[in-house]
Ligand code: NAP
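Numbering (the UniProt record's numbering), first residue to last: 1 to 247.
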């Protein structure tokens, strides 16, 4: 049974932690009912949903691996049944492991493409049939694509694909008033960026932007909220680099 719709509905993939959790918090603050997707961090996702509900928001946690088309269908179905027709899709789930191309394993290549590219593809294909007219789609790319740092070949390859999907899909949705954009963060203080880096490496990255600090998850949530909200209506098929001027 589909619930009566009380507010705009958003799905945020990979929202148990990091940037996705900040986006979910911000969208609930902006009045959206939010489906908080995650792959394995159920305790974090449940705690986030409890926090949002306690503050008077509408949110549900939905487990699902975005690289699996069946899980993605289940994610949309859970959102539709429990919150209502989906108006905003934020494709945030992603993984990063930096390894020189020559040392990359078949498994790492396959896994990174399955989640970062296959996950966005599955979500977009399903969105074509399910998103409300006038809806918004925001995909997470990365400023690393502009930096060409050693070790980022596989990851940058996935984000190049995400940017390509964004530009084409924006045109394929002609007539539906749906916008499709990317937000491309610079380094943001989350597990994905911090894990495996020395304090010295983190300090170096912090100094790269002329604003001389790391991005925080809220910096990225602000950019996503702009694209998801009324002020972002005329932005379509674009990549917004939210990186403090790094590149
Ligand atoms: P993070 O802290 O590592 O969090 C990643 C999130 O994605 C978690 O909620 C994780 O859920 C989820 N996830 C991973 N694999 C998944 C899958 N197969 N299906 C569903 N969810 C999955 O990462 P983050 O830094 O917030 O990054 C978010 C996005 O921003 C990514 O697309 C990343 O490439 C991009 N980005 C990040 C930075 C940065 O510096 N942090 C810079 C540029 C771009 P579980 O815990 O349940 O696995």
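Note that CB positions come from ideal geometry on N, CA and C, so glycine has one too.
Remember, it's a predicted structure, so these values are computed and weren't measured experimentally.
Excluding sequence positions up to five before and after residue 225, its CB lies within less than 8 angstroms of the CB of 23, 26, 27 and 30, all in the same chain and listed in chain order. In the DSSP assignment, residue 217 falls within the unbroken alpha helix (DSSP H) covering 217–228. With fewer than 16 other beta carbons inside 10 angstroms of its own, residue 212 counts as exposed. Residue 193 and residue 15 have their C-alpha atoms roughly 16 angstroms apart. Exposed is the label assigned to residue 177, since fewer than 16 other Cβ atoms lie within 10 Å of its Cβ.
Here the distance from the Cβ of residue 143 to the nearest heavy atom of ligand 1 is below 8 angstroms.
Here the alpha carbon of residue 18 sits roughly 23 angstroms from the alpha carbon of residue 149. Remark: the shortest separation between the CB of residue 125 and any heavy atom of ligand 1 does not fall under 8 angstroms. Non-local beta-carbon contacts of residue 134 in its own chain, meaning distances under 6 angstroms to residues more than five positions away in sequence, involve 177 in chain order. Taking the Cβ of residue 73 as the reference point, every heavy atom of ligand 1 lies at 8 angstroms or farther away. Every unbroken stretch of the alpha helix (DSSP H) spanning 4 or more residues and falling wholly within the stretch 57–99 is given here in chain order: 69–82.
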